[in-house]
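Chemist:
Chains as they are written, first to last, in the working numbering: chain A, 1 to 359; chain B, 1 to 359.
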């Protein structure tokens, strides 16, 4: 997901992390919160997930500065059963609470084989894939998701009920990046609509609706999103969104998605609490690891060598991000000029230095 | 999923179950195998999932009679860790092995909060939702899936790699049917293509491809299916199919989907081993059950009362099946005449009586 057609500067990952962490610290976040949030958004940007990368930071700085996000959260883990746990995020950054969920979940899965952790009183956690990937890099497979304020209409409905409720799955691959699925349960994210507006392009059919809930390809008229599957098969995307909402709300002790107040519609001094969930699985409990790794490699080799349409190739989940990561390690992480401008303003305001840019 | 435009007879659920069990027993299946398989297919038919209901029985009778399916399987459960287990189906009916997975999984989840069970050396298990629903009726939420022989092309690919790899999720609702998602990760099942051929109708765009892997709306030319999301967003459906394949193969000790031999392409004396997986979650470990049930009810009430397009209503996952089940309890389960004819032939061959029909 590159920022097509946008001008960018490029910054190496380490100084970008330091800048983001510094801006969050200066905005009031304590060290663990700033570090975890910087880790997640720079990880997303480094892997090409720009929609959930560093461009979120100015908004996060505002949220932690104005009181939506707890500056020094008391993140508490409670083990509810041998394979069940809950994290109370204390209305701090969702990234910190989610990395904590990974820490505890990995430990529980190593002990029992499989464990679920819910997160409550949390906030936007950025890219869901960051947390599943973090588990998989430690040898533990993970499934996860989160709900948020509504802007996806349910199938046959005309009013938003779900957020884009992301679903993630990651599982270890020997000596390589984990296999990583990280998908919205809508066809597109809303900032894809915004991008089409800027470019003056229309939307494909079946991805968005206007303010009346009627399907539209006019990016200017698009007000909400349709679930994955569009007007014909959107009951599937909506059903996935429902499952993710339930696991993030009824199982976590949070209100369901369409009771979550609008993130941008409310002052940044108000809390917008949301829930997440993660399931962790230790492959070594199910299979001897050499056999598991051989099976994963056979799957990937076979999938990646499938015949494709001219000019295309068959990719495994996460392959595009692996390619982005390689390119960005070499050339730096692109930051769009709007975000870079915000970084500059914030850095000046807080007396921080901007890192060197590469382009 | 009714059998649109098809002539049917209607039979009450209990005598239909007795007939199916009798036919499977007469075809060689032992009592546990015949009972579990009859339970699953009659449950699917009773809830309107005709594609995975009793119409599969003549084929199952052939498979168990000709040696593909073990007639008296030694289904073995092994607890691999406190929250991990594996079932060896011994090449018997997938339905028996899957209901066994539910029995053990429910027990483990009650003990530890969350548990995963893989199933290996299994066979077609019918409708995935039967097993998640069976767990949810006992108060335990479940996620599950299975792979099979390939007839869905990967995104940008031209050759089938995945099966329709179903995903299911069920969770308890107080004094009511569980919420139940049961979906193929393709937009449509292949017998939807066959039905369009019979009706002389074309397919919607983005659901099927011809023998060259090119998208087609011609039902006669359609050879394989596209993943959910179609030509634009099919990488999402394909990624879901990949996850289900991996959990059913690398985690279960089975070859991945496109190494599974074609079900219909091989003689019914040959085995076609496949894997399944299930994750079980005890909501009571995460939330006091009154709070959980209240949250689920609030979710369902709110979702079902959402404004909809004229003549439509917003439904929760599984609501169509709840409506079918009510109608079929009243009027009997419809059996299409082709299947009924096969039942008649088999019943005559084995000296079994056909049950009374209602229409």
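Beta carbons are placed, not taken as given, at the ideal position from N, Cα and C, and that holds for glycine. From a predicted model like this one, the values you see are computed outputs, not experimental measurements.
Look at the Cβ atom of residue 229 of chain A, then the Cβ atom of residue 306 of chain B, and state whether they are nearer than 8 Å.
Modeler: Not closer than 8 Å, so no.
Chemist: Since residue 337 of chain A and residue 7 of chain A should fall inside the 8 Å C-beta cutoff, what is the C-beta to C-beta distance between them, to a whole number of angstroms?
Modeler: At roughly 5 Å, the Cβ-Cβ gap stays under 8 Å, so residue 337 of chain A and residue 7 of chain A are in contact.
Chemist: Among B/218, B/191, B/285, B/61, which has the Cα closest to the Cα of residue 92 of chain B?
Modeler: Among B/218, B/191, B/285, B/61, the Cα nearest to that of residue 92 of chain B belongs to B/61.
Chemist: Quick one: what does DSSP say residue 270 of chain B is sitting in, helix, strand or coil?
Modeler: Coil at residue 270 of chain B, not helix or strand.
Chemist: Quick one: measure Cβ to Cβ for residue 108 of chain B and residue 280 of chain B, integer angstroms, because I've assumed they're closer than 8 Å.
Modeler: With a Cβ gap of about 7 Å, residue 108 of chain B and residue 280 of chain B count as contacting.
Chemist: Can you tell which of A/44, A/82, A/41, A/32 has its C-alpha closest to the C-alpha of residue 286 of chain B?
Modeler: Cα-wise, what sits closest to residue 286 of chain B is A/82.
Chemist: Under 8 Å, do residue 145 of chain B and residue 282 of chain B count as touching if we go by C-beta distance?
Modeler: It is not a contact, given that the beta carbons lie outside the stated cut-off.
Chemist: For the region 131-168 of chain A, list the beta strand (DSSP E) runs that are entirely contained and at least 3 residues long, ordered along the chain.
Modeler: For the region 131-168 of chain A, whole beta strand (DSSP E) runs of length 3 or above, ordered along the chain, are 141-146.
Chemist: Can you give the Cα-Cα distance for residue 193 of chain B and residue 178 of chain A, rounded to whole angstroms?
Modeler: Using only the alpha carbons, I get a separation of about 36 Å.
Chemist: Buried or exposed for residue 198 of chain A, going by 16 or more other Cβ atoms inside 10 Å?
Modeler: Classification of residue 198 of chain A: exposed, given that the 10 Å Cβ count is below 16.
Chemist: Go ahead and pull the three-state DSSP assignment for residue 259 of chain A.
Modeler: Helix, per DSSP.
Chemist: Does any CB atom of chain B fall closer than 8 Å to the CB of residue 151 of chain A?
Modeler: Judged by the 8 Å Cβ criterion, residue 151 of chain A is not in contact with chain B.
Chemist: State the DSSP-derived secondary structure class of residue 178 of chain B, mapped to helix, strand or coil.
Modeler: Note: residue 178 of chain B maps to strand in three-state DSSP.
Chemist: Going by other Cβ atoms of all chains shown within 10 Å of its Cβ, with 16 needed for buried, is residue 345 of chain B buried or exposed?
Modeler: Residue 345 of chain B should be labelled exposed.
Chemist: Considering just the uninterrupted stretch of the beta strand (DSSP E) at residue 121 of chain A, what are its terminal residues?
Modeler: Its beta strand (DSSP E) spans residues 114-122.
Chemist: Which residues of chain A have a Cβ atom closer than 9 Å to the Cβ of residue 213 of chain B, listed in chain order?
Modeler: 307, 308, 309, listed in chain order.
Chemist: Nearest chain A C-beta to residue 1 of chain B closer than 8 Å, yes or no?
Modeler: Unreliable placement is indicated for residue 1 of chain B, whose pLDDT of 45 sits below 50; the coordinate value is still reported in the next sentence. Output row for residue 1 of chain B: interface = no.
Chemist: Quick one: does residue 209 of chain A have its CB under 8 Å from some CB of chain B?
Modeler: False, the Cβ-Cβ gap to chain B never drops below 8 Å.
Chemist: Report the residues of the region 104-118 of chain B with a CB closer than 7 Å to any CB of chain A, ordered along the chain.
Modeler: Within the region 104-118 of chain B, the residues whose Cβ lies closer than 7 Å to some Cβ of chain A are 112, 113, 114, 115, 116, 118, listed in chain order.
Chemist: Mark residue 43 of chain A as exposed unless 16 or more other C-beta atoms lie within 10 angstroms of its C-beta, in which case mark it buried.
Modeler: Classification for residue 43 of chain A: buried.
Chemist: State the DSSP-derived secondary structure class of residue 6 of chain A, mapped to helix, strand or coil.
Modeler: Coil at residue 6 of chain A, not helix or strand.
Chemist: Going along the region 220-251 of chain B in order, which residues come within less than 9 Å of chain A, judged by CB to CB distance?
Modeler: Listed in sequence order: 228, 229, 230, 232, 233, 235, 236, 237, 238, 239, 240, 242, 243, 245, 246, 247, 249, 250, 251.
Chemist: If we cut at 8 Å on Cβ distances, does residue 75 of chain A have a partner in chain B?
Modeler: By this cut-off, residue 75 of chain A is not an interface position.
Chemist: Can you find a CB in chain B that lies within less than 8 Å of the CB of residue 316 of chain A?
Modeler: So yes, residue 316 of chain A belongs to the interface.
Chemist: Between residue 255 of chain B and the rest of its own chain, which residues show a CB-CB distance below 7 Å, the 5 nearest in sequence each way excluded?
Modeler: Contacts found: 249.
Chemist: Below 7 Å on C-beta distance, what does residue 258 of chain B contact in chain A?
Modeler: The answer, in chain order, is 302.
Chemist: Name the residues in the region 139-166 of chain B whose C-beta lies less than 9 Å from a C-beta of chain A; which are they?
Modeler: Within the region 139-166 of chain B, the residues whose Cβ lies closer than 9 Å to some Cβ of chain A are 141, 143, 153, 154, 155, 156, 157, 158, 159, 161, listed in chain order.
Chemist: Rounded to whole angstroms, what is the Cα-Cα separation between residue 15 of chain B and residue 354 of chain B?
Modeler: One C-alpha to the other measures close to 9 Å.
Chemist: Taking the runs of the beta strand (DSSP E) that are 3 residues or longer, which of them lie wholly in the region 185-217 of chain B?
Modeler: Qualifying beta strand (DSSP E) stretches: none in this window.
Chemist: Using Cβ-Cβ distances below 8 Å, what residues of the region 274-289 of chain A are close to chain B?
Modeler: Flagged, chain order: 279, 281, 282, 283, 285, 286, 287.
Chemist: Whose C-beta lies closer than 6 Å to the C-beta of residue 124 of chain A among residues of the same chain, with five residues either side of it excluded?
Modeler: Answer for residue 124 of chain A: 94, listed in chain order.
Chemist: Output needed for residue 35 of chain B: all residues of its chain with C-beta closer than 7 Å, excluding positions within five of it in sequence on either side, in chain order.
Modeler: Within the same chain, residue 35 of chain B has close Cβ partners 21.
Chemist: For the region 125-143 of chain B and the region 46-62 of chain B, state whether three or more C-beta atom pairs, one from each stretch, are separated by less than 8 Å.
Modeler: Flag = yes, the region 125-143 of chain B and the region 46-62 of chain B touch.
Chemist: What residues of chain B sit near residue 67 of chain A, judged by a beta carbon separation below 7 Å?
Modeler: By Cβ distance, chain B contributes nothing, its closest Cβ being about 27 Å from residue 67 of chain A, past 7 Å.
Chemist: Report yes or no: is there a C-beta of chain A within less than 8 Å of the C-beta of residue 178 of chain B?
Modeler: Chain A, which has no Cβ nearer than 8 Å to the Cβ of residue 178 of chain B, makes this no.
Chemist: In three-state terms, what does DSSP make of residue 79 of chain A?
Modeler: If DSSP states are grouped into helix, strand and coil, residue 79 of chain A belongs with the strands.
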